[in-house]
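**Q** Counting in our numbering, the sequence shown runs from 44 upward without gaps. For reference, the structure I am asking about is given below.
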Amino acid sequence: MNWIAAGVIAAFAAFFTNRLTYRVWEDTALLGPVPLAEEVIKTMLAYSLGAGIFLTHLVFGIMEAILDWRGQSRGLPAAASAVIAHSIFGLVTVVVSQKAGMLGAGIAISFLVHALWNAVMLFRTVKR
Numbered sequence: 044m045n046w047i048a049a050g051v052i053a054a055f056a057a058f059f060t061n062r063l064t065y066r067v068w069e070d071t072a073l074l075g076p077v078p079l080a081e082e083v084i085k086t087m088l089a090y091s092l093g094a095g096i097f098l099t100h101l102v103f104g105i106m107e108a109i110l111d112w113r114g115q116s117r118g119l120p121a122a123a124s125a126v127i128a129h130s131i132f133g134l135v136t137v138v139v140s141q142k143a144g145m146l147g148a149g150i151a152i153s154f155l156v157h158a159l160w161n162a163v164m165l166f167r168t169v170k171r
């Protein structure tokens, strides 16, 4: 059950970290600092608490989905996307970490996948 606590704490920590980051870099924060901070926070909290990394990422995605669904009128598609994307980032972290034998490798690759995901989402929104 540590994964629930890790996911919730990570979501709150990332929320405040992201707010500060946006003030400095605005939307470009989504391409570097935000995904880096989120992947490090989620994974290291899970590791520190002895929680499942994948499940921590899933809970984080659910927390982000609640914010997306309630707060910014992006609705159900954005909420579902948050859960799916963060679950994928968690899966990438676990698989790469296990294959490489290094947690840092998992974080690095999940950061790159997350940044690429954000770039695609930004491109889609700008294109509209």
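The C-beta atom is built at its ideal place from N, Cα and C for all residues, glycine as well.
My output table needs one value for residue 56: the three-state DSSP class, helix, strand or coil.
**A** Here residue 56 corresponds to residue number 13 of the sequence shown, with the count starting at 1. Reduced to three states, the DSSP call for residue 56 is helix.
**Q** Here's the rule: buried if 16 or more other CB atoms are within 10 angstroms of the residue's CB, otherwise exposed. What is residue 132?
**A** What you label residue 132 is simply residue 89 of the sequence shown in a count that begins at 1. Result: buried.
**Q** Can the beta-carbon of residue 206 be found less than 7 angstroms from the beta-carbon of residue 152?
**A** Outside the displayed range of the chain (44 to 171) lies residue 206, so it cannot be described from this structure.
**Q** Rounding to the nearest angstrom, what Cα-Cα distance links residue 76 and residue 156 in this structure?
**A** The count along the sequence shown starts at 1 and reaches residue 76 at position 33. The count along the sequence shown starts at 1 and reaches residue 156 at position 113. Those two C-alpha atoms are separated by around 13 angstroms.
**Q** Do you know how far the Cα of residue 141 is from the Cα of residue 154?
**A** As a first step, residue 154 is located in the sequence shown; it is residue number 111 there, counting from the start. As a first step, residue 141 is located in the sequence shown; it is residue number 98 there, counting from the start. Distance between the alpha carbons of residue 154 and residue 141: 16 angstroms.
**Q** Using the beta-carbon count (16 or more within 10 Å), is residue 162 buried or exposed?
**A** Counted from its first residue, the sequence shown places residue 162 at position 119. So residue 162 ends up on the exposed side.
**Q** Would residue 121 and residue 46 qualify as a contact pair, given that the criterion is a beta-carbon distance under 7 angstroms?
**A** Looking up residue 121 in the sequence shown gives position 78. Looking up residue 46 in the sequence shown gives position 3. Not a contact, by the Cβ cut-off of 7 angstroms.
**Q** Since residue 133 is in the alpha helix (DSSP H), which residue starts that stretch and which ends it?
**A** Residue mapping note: residue 133 aligns to position 90 of the sequence shown, counting from 1. Element bounds for residue 133: 118-143.
**Q** Would you identify the three-state DSSP class for residue 147, choosing helix, strand or coil?
**A** Here residue 147 refers to the residue found at position 104 of the sequence shown. Three-state DSSP puts residue 147 in a helix.
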